[in-house]
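Q:
Protein chains: 2
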Amino acid sequence: MAKAMRIAIAQINPTVGDIEGNARKIVDYARRAKRLGAGIVVFPELALCGYPPEDLLLKPSFIDENIKNIHQVARSITGITAIVGFADRAKGGLYNAAALINERKIKGIYRKMRLPNYGVFDEKRYFKEGAEPLMFKQDGITCGIAICEDIWAPDGLLKARARKGAEVVFAINASPYHSGKIKERQDVVKKQARRDKVFVVYVNMVGGQDELVFDGQSFAADKSGSIIARAKAFEEDLFMIDTGAKTKPLPPLAELEEIYRALVLGLKDYVQKNGFKRVVIGLSGGVDSALTAAIAKEALGEENTVGVFMPSVYTSQMSRIDSAELANGLGIKLFTIPIDNVFRMYLQDLEGVFKGRLRDSTEENLQARIRGNMLMALSNKFGYLVLTTGNKSEISCGYCTLYGDMAGGFSVLKDVPKTLVYKLAKSVVNKKRQVIPERIIKRPPTAELRPNQKDTDTLPPYNALDPIIEAYVEKDRSLQDMIRKGVKKETALRVISMVDKSEYKRRQAPPGIKITPKAFGKDRRMPITHRFIEKG
Amino acid sequence: MAKAMRIAIAQINPTVGDIEGNARKIVDYARRAKRLGAGIVVFPELALCGYPPEDLLLKPSFIDENIKNIHQVARSITGITAIVGFADRAKGGLYNAAALINERKIKGIYRKMRLPNYGVFDEKRYFKEGAEPLMFKQDGITCGIAICEDIWAPDGLLKARARKGAEVVFAINASPYHSGKIKERQDVVKKQARRDKVFVVYVNMVGGQDELVFDGQSFAADKSGSIIARAKAFEEDLFMIDTGAKTKPLPPLAELEEIYRALVLGLKDYVQKNGFKRVVIGLSGGVDSALTAAIAKEALGEENTVGVFMPSVYTSQMSRIDSAELANGLGIKLFTIPIDNVFRMYLQDLEGVFKGRLRDSTEENLQARIRGNMLMALSNKFGYLVLTTGNKSEISCGYCTLYGDMAGGFSVLKDVPKTLVYKLAKSVVNKKRQVIPERIIKRPPTAELRPNQKDTDTLPPYNALDPIIEAYVEKDRSLQDMIRKGVKKETALRVISMVDKSEYKRRQAPPGIKITPKAFGKDRRMPITHRFIEKG
């Protein structure tokens with residue numbers, strides 16, 4: 036490239052369905068980019084309507100509104116070229132598209148050619164595949180456009196067909212976060228940039244949307260395949276790139292820090308985009324609720340985070356002291372509501388029906404459900420959103436009570452295995468000062484629903500459990516595979532059985548933030564009713 | 036067709052993932068068909084692994100087991116040709132396939148060419164599209180195979196390419212029920228049979244699978260497009276067809292009867308395939324719980340249906356009398372567990388936290404949640420599955436309490452609008468004798484959570500509400516469309532707002548049986564977080 040180009044990456048956080056609000060943001064970013072001297076400003080995939088809009092895309096009125104606004108956006112942009120993602124209706128179908136805007140006009144439309152329909156993606160449910168490339172000249176340089184999945188084609192054929200001769204490719208994305216994803220993206224882009232001798236500008240969305248969080252971290256790779264620039268992580272950014280300049284980006288975030296920030300942004304956006312201000316969390320004296328509270332404080336501020344301690348006869352003094360210390364350290368309000376009176380009254384009123392039956396998990400679940408009710412009562416009375424505190428290990432095994440500790444609007448740690456919960460508590464939250472009391476991290480985990488209960492009464496130790504969950508839930512490994520990898524057959528069978536049998540609970544779980552390659556929710560769609568059993 | 040053929044439709048009810056069990060059933064049906072003189076026996080789509088297996092299809096061990104068993108099935112069948120649906124792994128991909136079996140061998144494999152990826156279907160998530168037709172001779176007659184979506188191609192091109200020259204086409208299906216579906220299927224088949232002068236044998240699955248129920252009602256159309264035979268509805272059937280014979284099938288079930296039987300089978304299979312025996316239902320004295328109890332009794336027997344009456348100070352004497360009369364009429368056991376003591380204790384323990392706040396919906400929800408807890412305690416103690424009783428009108432508007440009346444494993448009326456609840460109660464359940472007391476059907480609906488409460492305090496009258504729900508939820512109509520159709524703008528806006536705002540509740544609702552063209556659950560995939568608002 037003899038000539039140079041100043042490119043603005045508009046790494047924005049749109050809200051699904053807030054089409055007018057997103058349009059205003061797009062116009063505002065375009066104007067700022069122009070003032071900063073950019074010749075072109077590039078927005079993420081479906082920036083105008085938000086991603087993923089899911090079945091809103093089936094509403095003709097939603098598409099109409101989005102088409103009306105892409106024209107409105109075009110009319111408002113002058114003095115700079117803009118690439119804006121929107122949902123295009125054409126030739127009797129709907130397309131995941133990018134408008135090329137210049138001097139108040141839509142000069143061309145690129146329609147995504149490869150539609151992901153795996154994992155969390157359902158794009159073939161909504162969109163048709165585009166067939167035509169869109170090439171254009173910017174500052175005398177030949178440019179092409181790609182949308183997200185387009186560039187993940189291993190064969191590179193698509194590249195040749197759709198963007199042949201391009202010196203610069205603008206790849207616009209709504210690429211959901213999971214731990215390690217930035218490396219995957221960079222590897223794909225680096226390889227293609229090098230092979231095809233093309234400068235690639237990878238523009239990602241940022242923000243939380245239900246179970247997904249988009250991490251931003253937009254970047255550029257030069258023709259040699261070197262990453263020369265990277266925008267902010269987990270924040271909006273208007274990031275300038277000069278194709279001629281030699282720069283070196285800062286290294287990406289450390290793994291744990293990155294996961295933590297994904298959880299913070301995912302929570303913040305869920306709460307705020309849904310019109311809530313405050314959250315309430317049941318603090319048990321355990322590490323899951325402690326970490327959840329720390330994340331909530333980080334996301335929403337201590338004034339918007341409320342803790343509730345709900346002791347019973349089985350609650351240790353330790354839990355009481357540690358919860359108070361935690362709330363104090365975080366600077367959050369703490370209510371205490373004992374549950375024994377209500378618990379005794381349930382038992383009394385159920386006595387006739389339960390006559391002659393021994394105590395069992397019924398009474399344990401009942402305590403968890405009383406706590407769930409107390410939290411929901413606070414939610415109803417004060418407009419708080421209840422955060423559940425279960426982690427991926429528990430939710431995998433069904434070691435949680437439906438309508439009890441599973442009651443709430445958002446499940447912050449749903450995709451965080453217990454061993455990772457400990458790491459985040461120790462190495463991120465407590466990095467600078469001890470926010471989470473050490474004893475909370477050190478004591479053996481317990482639900483405190485009966486005397487001397489330990490998690491290990493029911494579950495294998497977490498350092499044995501978590502790798503089995505990763506193999507079975509995230510990687511669909513067979514029992515045979517696991518045994519070959521050294522897992523004890525009995526342990527694997529026990530875990531598999533727990534995972535399979537608790538699908539009905541997960542179906543009624545609140546959404547939570549995906550941070551691993553496969554989360555529960557729309558990422559893993561298992562039938563409740565089935566009799567498939569792994570053979571040993 | 037000068038020659039004639041005796042065809043056996045094996046309308047079976049497989050269980051997802053019970054591959055060995057399904058294989059045994061397939062072999063058993065094939066042997067019975069042979070004994071009855073059939074030359075060919077035809078099983079439904081994916082009969083071997085069950086439908087839809089969802090993400091079980093992503094497990095290599097699941098596919099292995101299914102491949103192993105199709106060979107086992109083939110080796111066990113002799114003296115009759117069989118067409119058996121299974122998941123085929125070939126050319127690096129997975130296919131929704133049919134094995135043509137003859138004399139203990141798989142003679143050919145047909146792979147589905149058109150994959151549905153809309154509504155409840157996600158087939159492009161799992162399968163590749165087949166490309167090759169499979170034609171064969173049976174009794175000297177040229178036959179072809181189609182799988183479900185294959186025959187719904189409006190252009191008929193596929194028919195020409197895939198089954199050119201066929202005199203008989205075997206269309207194997209797992210076609211989920213909704214009211215009116217049998218007519219849609221017959222219309223498609225009749226048209227194609229007539230146009231292409233082909234005899235079509237439409238083989239459907241039967242049975243319940245999570246939110247879906249397959250209604251059976253397999254049928255055959257002759258070359259003139261006349262329906263000449265129809266197998267049983269909502270039951271397994273081994274149904275014989277002689278291509279030469281002139282027969283006339285019985286008329287299909289009446290609409291209400293058909294819906295009722297869909298609900299009965301959907302419930303029965305959910306309960307039994309998940310290993311439960313008994314269900315428990317909170318009886319309120321209202322029509323929803325009455326209808327749910329009647330369906331449960333029909334599905335599982337009175338000995339396996341338990342009612343619980345949970346009165347509060349707001350419960351009328353009428354509700355008490357009518358619930359007792361209902362239980363008596365159904366012959367089911369009825370527990371009575373008052374909730375006032377527990378309710379008072381919650382209020383007492385929350386007094387400090389709620390100080391200075393007026394009563395509001397918090398206290399109403401609390402009552403509903405106490406009832407939910409009581410039912411779950413019975414479930415935990417006795418192994419009952421809790422049935423929720425909410426109808427589609429309530430669930431659409433969020434007129435229900437999360438973890439309260441929404442607590443339970445299965446939601447029988449989830450897709451049944453309130454106006455249809457009344458019709459089913461009056462015209463099906465009470466058809467022969469008055470099982471549901473008349474007053475339950477006649478009294479104005481009330482949640483009885485505060486003095487003199489009526490549903491119409493919160494919702495429009497159901498006869499005005501239900502058409503709006505149908506337009507907005509099932510048909511994605513815009514506000515403008517509804518106004519054009521005569522709906523009052525204020526009413527429509529109020530309903531739309533309630534529907535949109537309660538998505539978070541539905542995300543945590545138990546599964547229920549789809550009986551309309553669009554149900555909640557995987558049929559309607561709305562984001563929780565979004566700000567799209569219909570404009571007036």
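So the sequences go chain by chain: A and B. The numbering used here puts the first sequence at residues 36 to 571. The numbering used here puts the second sequence at residues 36 to 571. Note that beta-carbon positions come from the ideal geometry of N, C-alpha and C, so glycine has one too.
1. In angstroms with no decimal places, state the Cα-to-Cα distance between Glu594 of chain B and Asp395 of chain B.
2. Can you round the beta-carbon distance between Phe378 of chain A and Gln402 of chain A to whole angstroms, since I take them to be within the 8 Å contact cut?
3. Gly521 of chain A lies in the beta strand (DSSP E); which residues open and close that run?
4. Gly120 of chain A CB to nearest chain B CB: under 8 Å?
5. Would you give the residue range spanned by the alpha helix (DSSP H) that Cys183 of chain A belongs to?
6. Leaving aside the five residues before and after Ala460 of chain B along the sequence, list all residues of the same chain whose C-beta is less than 7 Å from its C-beta, in chain order.
7. Assign Ala133 of chain A to buried or exposed, taking buried as 16 or more other Cβ atoms, counted over all protein chains shown, within 10 Å of its Cβ.
8. Quick check on Ser261 of chain B: does DSSP put it in helix, strand or coil?
9. Considering only residues of the region 275 to 332 of chain B, which uninterrupted beta strand (DSSP E) runs meet the minimum length of 3 residues and lie entirely inside it, listed in chain order?
10. Should the region 77 to 85 of chain A be called in touch with the region 43 to 55 of chain A, which here means at least 3 C-beta pairs below 8 Å?
11. Tell me the rounded alpha-carbon separation between Lys218 of chain B and Thr282 of chain B.
12. Check whether the Cβ atoms of Ala209 of chain B and Val236 of chain B sit closer than 8 Å, and answer yes or no.
13. Output the distance between the C-alpha atoms of Ala65 of chain A and Ala442 of chain B, rounded to the nearest integer angstrom.
14. What does the alpha-carbon distance come out to for the pair Ile372 of chain A and Ile405 of chain A?
15. Report the three-state DSSP secondary structure of Thr481 of chain B (helix, strand or coil).
16. So, is Pro545 of chain B buried or exposed, given that buried needs 16 or more other C-beta atoms within 10 angstroms?
17. Should Glu89 of chain A and Met561 of chain B be called a contact, given that it needs their Cβ atoms to be closer than 8 Å?
18. Along the beta strand (DSSP E) that carries Tyr130 of chain A, what are the first and last residues, could you check?
19. Tell me, which residues are paired with Gly342 of chain A by DSSP?
20. At a CB distance below 7 Å, what residues from the region 205 to 225 of chain A approach chain B? Give them in sequence order.
21. Would Asn104 of chain A be called buried (16 or more neighbouring beta carbons within 10 Å of its own) or exposed?
22. Helix, strand or coil for Leu385 of chain A per DSSP?
23. Pick from A:Tyr295, A:Leu150, A:Ala334, A:Thr424: whose alpha carbon is nearest that of Lys312 of chain A?
24. What residue range does the alpha helix (DSSP H) around Val108 of chain A cover?
25. Pull out every residue of the region 416 to 435 of chain B whose Cβ sits closer than 7 Å to any Cβ of chain A, in chain order.
26. Would Leu484 of chain A pass as an interface residue toward chain B - the criterion being a Cβ-Cβ separation below 8 Å?
27. Taking only three categories from DSSP, how would you classify Ala122 of chain B?
28. Go through its chain and collect everything with a Cβ distance to Glu270 of chain B's Cβ below 7 Å, but skip five positions before and after it.
29. Where in the region 139 to 181 of chain B do unbroken runs of the beta strand (DSSP E), each at least 3 residues long, occur, reported from the N-terminal end onward?
30. Would you report the Cα separation of Ser347 of chain B and Ser428 of chain A, rounded to the nearest angstrom?
31. For the region 442 to 509 of chain B, list the beta strand (DSSP E) runs that are entirely contained and at least 3 residues long, ordered along the chain.
32. Using CA atoms only, rank isn't needed, just tell me which of A:Val306, A:Glu202, A:Asp222 is closest to Ile539 of chain B.
33. Spatial neighbours of Asn57 of chain B within its chain, please: CB distance less than 6 Å, with the 5 preceding and 5 following residues excluded, ordered by chain position.
34. Below 8 Å CB to CB, which residues in the same chain sit around Phe234 of chain B once its five sequence neighbours on both sides are set aside?
35. Strictly under 8 Å for the Cβ-Cβ distance: is Pro472 of chain A near chain B by that measure?
36. Quick one: give me the first and last residue of the alpha helix (DSSP H) that Ala403 of chain B is part of.
A: Quick answer:
1. With chain B represented from 36 up to 571, any question about residue 594 of chain B goes unanswered, as that position is not in the structure.
2. Here residue 378 of chain A refers to the residue found at position 343 of the first sequence. Here residue 402 of chain A refers to the residue found at position 367 of the first sequence. Confirmed, Cβ separation roughly 6 Å.
3. Numbered from 1 along the first sequence, position 486 holds the residue referred to as residue 521 of chain A. Run containing Gly521 of chain A: none; DSSP gives neither H nor E here.
4. By 1-based counting over the first sequence, the position of residue 120 of chain A is 85. So, not an interface residue.
5. Position 148 of the first sequence, counted from the first residue, corresponds to residue 183 of chain A. First-last for Cys183 of chain A: undefined, no H or E at that position.
6. Along the second sequence, one-based indexing puts residue 460 of chain B at 425. These residues qualify, in order along the chain: Val322, Ala325, Leu326, Ile471, Ile476.
7. Counting from one through the first sequence, the residue named residue 133 of chain A turns up at place 98. Per the 10 Å Cβ criterion, buried.
8. The count along the second sequence starts at 1 and reaches residue 261 of chain B at position 226. Reduced to three states, the DSSP call for Ser261 of chain B is coil.
9. 314 to 317
10. yes
11. By 1-based counting over the second sequence, the position of residue 218 of chain B is 183. By 1-based counting over the second sequence, the position of residue 282 of chain B is 247. Rounded to whole angstroms, Lys218 of chain B to Thr282 of chain B spans 19 Å at the Cα level.
12. Within the second sequence, residue 209 of chain B is the residue found at index 174, counting from 1. Within the second sequence, residue 236 of chain B is the residue found at index 201, counting from 1. Cβ distance not < 8 Å, so Ala209 of chain B and Val236 of chain B don't count as in contact.
13. The count along the first sequence starts at 1 and reaches residue 65 of chain A at position 30. The count along the second sequence starts at 1 and reaches residue 442 of chain B at position 407. Cα to Cα, Ala65 of chain A sits roughly 49 Å from Ala442 of chain B.
14. Along the first sequence, read from residue 1 onward, the residue named residue 372 of chain A stands at position 337. Along the first sequence, read from residue 1 onward, the residue named residue 405 of chain A stands at position 370. Going from the Cα of Ile372 of chain A to the Cα of Ile405 of chain A covers about 11 Å.
15. Numbered from its first residue, the second sequence carries residue 481 of chain B at position 446. Three-state DSSP puts Thr481 of chain B in coil, outside helix and strand.
16. Within the second sequence, numbered from 1, the residue matching residue 545 of chain B stands at position 510. Pro545 of chain B is buried by the Cβ-count criterion.
17. Residue mapping note: residue 89 of chain A aligns to position 54 of the first sequence, counting from 1. Residue mapping note: residue 561 of chain B aligns to position 526 of the second sequence, counting from 1. Taking 8 Å as the Cβ cut-off, Glu89 of chain A and Met561 of chain B qualify as a contacting pair.
18. Residue mapping note: residue 130 of chain A aligns to position 95 of the first sequence, counting from 1. That run of the beta strand (DSSP E) goes 128 to 137.
19. The residue given as residue 342 of chain A occupies position 307 in the first sequence. According to DSSP, which records beta bridges pairwise, Gly342 of chain A is partnered with A:Ile316, A:Leu369.
20. none
21. Residue mapping note: residue 104 of chain A aligns to position 69 of the first sequence, counting from 1. Buried.
22. Counted from its first residue, the first sequence places residue 385 of chain A at position 350. If DSSP states are grouped into helix, strand and coil, Leu385 of chain A belongs with the helices.
23. On the first sequence, position 277 is the one that residue 312 of chain A refers to. Nearest C-alpha to Lys312 of chain A: A:Ala334.
24. Locating residue 108 of chain A in the first sequence gives position 73, counting from the first residue. Residues 95 to 111.
25. Lys416
26. Position 449 of the first sequence holds residue 484 of chain A. So no, Leu484 of chain A is outside the interface.
27. The residue given as residue 122 of chain B occupies position 87 in the second sequence. Here Ala122 of chain B sits in strand by DSSP.
28. Here residue 270 of chain B is taken as the residue at index 235 of the second sequence, counted from 1. Cβ neighbours of Glu270 of chain B beyond the five flanking positions: Val241, Gly251.
29. 140 to 146, 170 to 173
30. Walking along the second sequence from the start, residue 347 of chain B turns up at place 312. Walking along the first sequence from the start, residue 428 of chain A turns up at place 393. Roughly 39 Å between the two C-alpha positions.
31. none
32. Here the question's residue 539 of chain B lines up with position 504 in the second sequence. Note on identity: in this sequence residue 539 of chain B is Tyr, with Ile being the wrong assignment. Closest option to Tyr539 of chain B, Cα to Cα, is A:Val306.
33. What you label residue 57 of chain B is simply residue 22 of the second sequence in a count that begins at 1. Correct list, in chain order: Pro49, Leu83.
34. Indexing the second sequence from 1 puts residue 234 of chain B at position 199. Around Phe234 of chain B: Met36, Glu202, Val203, Val204, Ala228, Ala255, Ala256, Asp257, Lys258, Thr278.
35. Residue mapping note: residue 472 of chain A aligns to position 437 of the first sequence, counting from 1. Not an interface residue.
36. Here residue 403 of chain B refers to the residue found at position 368 of the second sequence. 396 to 417 is the span of the alpha helix (DSSP H), which, as asked, contains Ala403 of chain B.
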